[in-house]
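The block underneath contains the structure these notes are about, expressed in structure tokens.
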Amino acid sequence: MPESMQDIKRRMKSVDSIEHVTNAMKLVSAAKLRRAKATFEKTNEFSHYIINSIAEVFNNASEVPEKYLEGNREIKKTCYIIVSSSRGFCGSFNMNIIREAEAMMTEDEGDSTIIAVGTKAKDYFQKRGFEILKEYSEPPEDISFLESQKMSRPIIDMYNSGEIDRIVLIYTAFISTLEQAVQTVTLLPFSIERDPEVMKYDKPVEYEPSEEEVFNYLVPKYVETSIYAAVVESATCEHAARRMAMENATDNAREMLGDLSLTYNRARQAAITNEILEVVTGAEAQK
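Going from the sequence shown to this note's numbering is simple: count from 1 and add 8.
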């Protein structure tokens, strides 16, 4: 049954309202993206310097504490740090993270526990019976470096005490404004041979007071920096994904408005034609 002109006008009004909302959200996300990207670029430079420096120490040390090395223990339980968002309307951003994390935990032969940054991952895995060790409901963009330190310290203590045997960080990496990709990083234990391009020193390096003390200090810094860098990068990706999703929604709404406008004009033309035919028919009937 064809829609009446009144129904079409109601749909046009509804779509027009949605278009205004999505366009406003696109503009807000674009502004937040610029700020988040500036923060990410500064943080990224700092975190890369710290992480590369620690990698150099690991690759040049003669005796790395065994507890930090891959293969030092059986992997019975893994802690997954999953960085998602606390808001929606960002396309497939959250589902990409959730699918990757769920696939890894399903394939994992040991037990798993989750530290959820952002409510979307927490809500999803909690409903499906996964163990949520800790949750951080505030948006990733609001998490400071001090808060990331508080987040990482209990994880490192659990690793050192043997409560967990592996720490895996899952977040979204920023490639460009139009492209983001899920990234998975095993923070502990280390695999020293994983990066042969790290600089090797020509002479042996001495560490004071001892290599073990140095590593016990550096490893928490490495984990803290990695988590904070991932949170900042994920927040940047979230704004980029939301801006793109809202732009697509706005374009679709405008396209729908064009189609509805065409349909309305056709219906209006048909109504006018019918009225003209009725007048002509009535006039001929009176002859």
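We put the beta carbon where it would ideally sit given N, CA and C, even for glycine.
Coil, strand or helix - residue i by DSSP
i	result
I164	helix
R276	helix
R174	strand
D119	strand
I58	helix
E143	strand
M9	Low confidence applies here, because M9 scores a pLDDT of 41, under 50, leaving its location unreliable; read the following figure in that light. Of the three classes helix, strand and coil, the one that applies to M9 here is coil, per DSSP.
S156	helix
Between the CA atoms of residue j and residue i - distance to the nearest angstrom
i	j	result
G126	L226	27 Å
Y144	E74	31 Å
R42	F48	10 Å
I105	D119	20 Å
I122	V190	17 Å
A253	N31	10 Å
T244	S22	31 Å
P217	R250	49 Å
G99	K85	32 Å
C87	A109	11 Å
T114	A124	17 Å
H28	A111	38 Å
F66	V72	7 Å
R202	F133	Note that R202 scores a pLDDT of 46, beneath 50, so its modelled location is shaky and nothing firm can be said.
Q14	A44	45 Å
A261	T233	42 Å
E187	S55	21 Å
I175	E263	47 Å
E292	E286	10 Å
S92	Y215	39 Å
G266	S12	17 Å
A46	E53	11 Å
E117	K17	58 Å
T51	E219	28 Å
A38	S156	26 Å
R161	D24	50 Å
E283	I183	60 Å
Member of the options whose CA lies at the smallest distance from the CA of residue i
i	options	result
Y167	Y144, F198 and P147	F198
S2	V222, R174 and T185	Because the chain here runs from 9 to 295, residue 2 falls outside it and cannot be looked at.
D259	M13, E149, I183 and I26	I26
K158	K85, E214, I172 and K142	K142
R2	I58, I59, K50 and D150	Since the first residue of the chain shown is 9 and the last is 295, residue 2 is not available in this structure.
G79	E292, D173 and I284	D173
L77	T194, M112 and N256	T194
F101	L265, A181, V287 and G266	A181
V231	S93, K128, L177 and Q14	L177
K229	L285, A278 and L154	L154
P147	K128, N52 and V287	K128
V36	N224, E187, E246 and G290	E246
Y179	A261, M264, M103 and E82	M103
A308	S152, F223, N52 and I164	This structure gives no information on residue 308, because the portion of the chain shown stretches from 9 to 295.
I83	G170, A278, K40 and G290	G170
I89	A39, K130, V287 and M20	K130
M33	A248, E283 and A279	A248
R19	T281, V91 and S269	S269
R299	L196, E220 and S152	The question about residue 299 has no answer here: the residues shown for the chain are numbered 9 through 295.
N256	K50, F97 and A39	F97
R107	I280, T289, E220 and T192	T192
Proximity test, residue i beta-carbon vs the ligand COA heavy atom, cut-off 6 Å
i	result
E115	In terms of ligand content, the structure shown is empty, and the ligand COA therefore cannot be addressed.
Within the stretch 179-265, ranges of the beta strand (DSSP E) (whole runs, at least 3 residues): DSSP runs (the beta strand (DSSP E)) wholly in the stretch 179-265: 187-196.
Length-filtered (3 minimum) beta strand (DSSP E) runs lying within the stretch 70-107: Taking 3 residues as the shortest admissible run, the stretch 70-107 contains the following complete beta strand (DSSP E) segments, listed from N- to C-terminal end: 85-91.
Contact the stretch 58-69 vs the stretch 220-239: 3+ CB pairs below 8 Å: Touching, per the Cβ criterion.
Cβ contact check for the stretch 129-138 and the stretch 266-274: 3 or more pairs under 8 Å: Counting Cβ pairs under 8 Å, fewer than three are found: no touch.
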